[in-house]
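Here is the structure we will look at.
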Amino acid sequence: MSPVRLAAPPAERLGEQLGPLLDGSIVEGEGTVLVSVDPSTGSPLARIRAAGAAGVHRAVESASVASALWRGSPFEERARRLRALASAVRDRAEEIASLVAHEEGKPLLEALTLEILPALDHLKFLARHAGQLHLLEPVDSRVPLYAHKQVHDLYDPVGVVAILTPYPLPFGLPLVQVAAAVAMGNAVVLKPSERASLCGLRVGELCAEAGFPPGLVNVVPGRIEEALELVAHPGVHKVFFTGTTDAGRQVMATAGCAPKPVVLSMGGKHPSIVAADADLEMAARGIVWGALANAGQNCGGIERVYVEEPVAHRFVELVLQQVDRVRVGHPLAEGTDMGPLVCEARRKEVHRQVAEAVEAGAKLLRGGELPRGSGSYYPPTVLLAPPADCRLMREETLGPVVPIVVVESLERAVLLANSSEYALTASAWTRSPETAERLGAALDAGVVTINDVAYSYGEPSLTWSGHGKSGIGELHGLAGLREMCRRKAVSFDPAQREAPVFAFTYDEDAVRIARAVARALHGRRLATRLRGVARLLRTSRFRARVPARSFLLSFKRRPR
């Protein structure tokens, strides 16, 4: 086994056979050959041997060994490695951006701003704040009988974590999730999208360069077979999946047979509402960018727009002006705003949804035609008034399409926005703080942004979550870090007492204590409760087992 640099220009990698990354080094895979393709030309970039069942097993075994040592490491050591990882990413930012552009078709600037900068921000956040969860979290007793005990929550590492990631954020997303897992003391087996194998391997290599112990971060390229093999493996303790809803269902069903916990971040159908009092120019710029960034291939990208009727005509004009300025081209070419879709299959699916919407009555204002030439390019497309029941308005599109619906009121806009099985992200545009508050509360989504879009995933302190067909569980922020742990309640009784309060023997004395406790803690009247307290304090067995002072202080503070 020898370390392999993935930084070489893609054309120079065609003769190399890549495979899984185990213990910090590339090894020979045993599965089928994956071909990484440049979506801007359709040409192959590299060939990667999938891990196969044997490779997955080796990766989990390697992670299990590393986990046993890493889980006990001090957080200062973990933070040091996270900072080293951030330095490696920062020093290789241009190279990583080039790799993302080649493998996914994302323009260089987007690779920097939507992948690398958020990754650096998250790494800084983790190095500074993940340690909060390694501290004991005190818990106040609500029961006077136990008020003398010292109780706290402790967050233990899960163990071996499986992380399955998609192609839209091929570098930033897996790196952030891997970093969060190791920050909390876990070992990782990363299974990247088969369309982002090079980026996934690069994440693993950077972790090795940053000094993470061998086996702590392993990467297993592959298809759905490798993903389900990893999820089902008895050595994997928790699964984090980001991807399509259909694949998420398979992951959840497989994990449920174990059973083991899963966090699912799946599809979205982001609605964006434009109120009549909105800054229309800002809304148009934000919505066009939110819909077309990464050629629309973001689970949090805008896929539906609802605009109030009084400003609809002007808003549509501004949207078309913005769309007409978007420069489609090779992701490495200077001045490119939007590159290709990730593959031909994705382009065909986007075009089918657009064509069906037009056939159903939508008015095509821009785009909507398959361009000639190489590469899986698709033009920025704007449709007006697509029917609510067409697939374009119901299913995830993941393409550069802006469907606009005119509504008579904000109430109607909210009703249509919430009429989706997805509930991941939503946005709205208004100058009114009152309207912003109302829309923020009314929109059914895990993340709602007012007068902005697409930034929330890059904010480390914000929780990223969805429900319905959009997922289960939380990512990012302290809530996301808790998902990387097992919470454990720990209690210490410093009082040297005779025995637990209700311990044997079950005699008449024990019965009297139980009845008195019921009166003291749950009596309807104050007089009843006070008589119960007096009875307890007269009982020598109770006094021998429960410190009277802590009991009385807690009883006094206890809410009635």
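The working numbering puts the sequence shown at residues 335 to 894.
Glycine included, each C-beta is placed from N, C-alpha and C at the ideal position.
Whole runs of the alpha helix (DSSP H) within the region 481 to 526, excluding any shorter than 4 residues: 506 to 517
Continuous alpha helix (DSSP H) stretch holding Ser396: start and end: Gly386 to Trp404
Beta strand (DSSP E) segment containing Leu454, residue limits: Looking at the DSSP string, Leu454 is not in any beta strand (DSSP E); the run it does join, the alpha helix (DSSP H), is Leu451 to His463.
Option nearest Ala833 by Cα separation, candidates Glu793, Arg877, Ala517 and Val399: Arg877
Strand pairing of Met672, partner residues [DSSP]: Val662
Assigned exposure category for Tyr712 - 16 Cβ within 10 Å defines buried: buried
One or two residues paired with Glu471 in a DSSP bridge: Asp487
Unbroken alpha helix (DSSP H) run spanning His604, endpoints: Counting along the chain, His604 falls outside any alpha helix (DSSP H), though it belongs to the beta strand (DSSP E) covering His604 to Val608.
Cross-strand partners of Pro378 (DSSP beta bridge): Val371
First through last residue of the beta strand (DSSP E) which encompasses Phe885: Element bounds for Phe885: not the beta strand (DSSP E) but the alpha helix (DSSP H), Ala882 to Arg891.
Other residues of its chain near Val585: CB distance less than 6 Å, five sequence neighbours each side excluded: Val565 and Phe575
Ser804 and Gly601 closer than 9 Å at C-beta: yes
Cross-strand partners of Leu860 (DSSP beta bridge): The partner list for Leu860 (beta bridge, DSSP) is empty, contrary to what the question assumes.
Beta-bridge pairing of Gly805 - partner residues as DSSP gives them: Ser599
Touching by the beta-carbon criterion (3+ pairs, under 8 Å), the region 842 to 855 and the region 435 to 454: no
Residue-level contact to chain B via CB, Arg648, 9 Å cutoff: Protein chain content of the structure displayed is limited to a single chain, and chain B is not contained in it.
Other residues of its chain near Leu654: CB distance less than 7 Å, five sequence neighbours each side excluded: Leu699, Arg700 and Val716
Residues bridged to Tyr789 (per DSSP): In the DSSP output, where bridge partners are listed per residue, Tyr789 has none listed.
Buried/exposed call for Lys572, threshold 16 Cβ in 10 Å: buried
Supposed contact pair Ser374 and Gly673 - C-beta distance, whole angstroms, cut 8 Å: 6 Å
For Leu479 and Val835, believed in contact at Cβ under 8 Å, the rounded distance: 6 Å
As assigned by DSSP and simplified to three states, the class of Val741: strand
Inter-residue CB distance, Leu368 and Leu416 (contact presumed, cutoff 8 Å): Going by Cβ atoms, the distance from Leu368 to Leu416 rounds to 30 Å, so no, they are not a contact pair.
Range covered by the alpha helix (DSSP H) that runs through Lys682: Glu678 to Glu693
Meets three-Cβ-pair contact criterion under 8 Å: the region 869 to 889 and the region 840 to 852: yes
Contact under 9 Å by Cβ, Arg816 with Leu488: no
Secondary structure, alpha helix (DSSP H): runs of 4+ residues fully inside the region 622 to 665: 643 to 658
Limits of the beta strand (DSSP E) - the one that Val716 falls within: Thr715 to Leu718
Alpha-carbon spacing of Ser790 relative to Phe459, whole angstroms: 14 Å
Distance, Arg859 Cα to Phe889 Cα: 14 Å
Glu539 versus Pro737, Glu643 and Leu419, residue with shortest Cα-Cα distance: Leu419
Secondary structure of Gln830, DSSP reduced to three states: coil
Residues that DSSP places opposite Arg552 in a beta bridge: Going by the sequence as given, residue 552 is Asn instead of Arg. DSSP output for Asn552 lists Val523 as bridge partner(s).
Enclosing alpha helix (DSSP H) for Thr588 [first to last residue]: Thr579 to Gly590
Selected residue, minimal CA-CA separation from His810, among Gly556, Pro452, Val570 and Glu768: Pro452
Cutoff 6 Å; reference Gly358; Cβ partners in own chain excluding five residues on either side: Ala542 and Pro548
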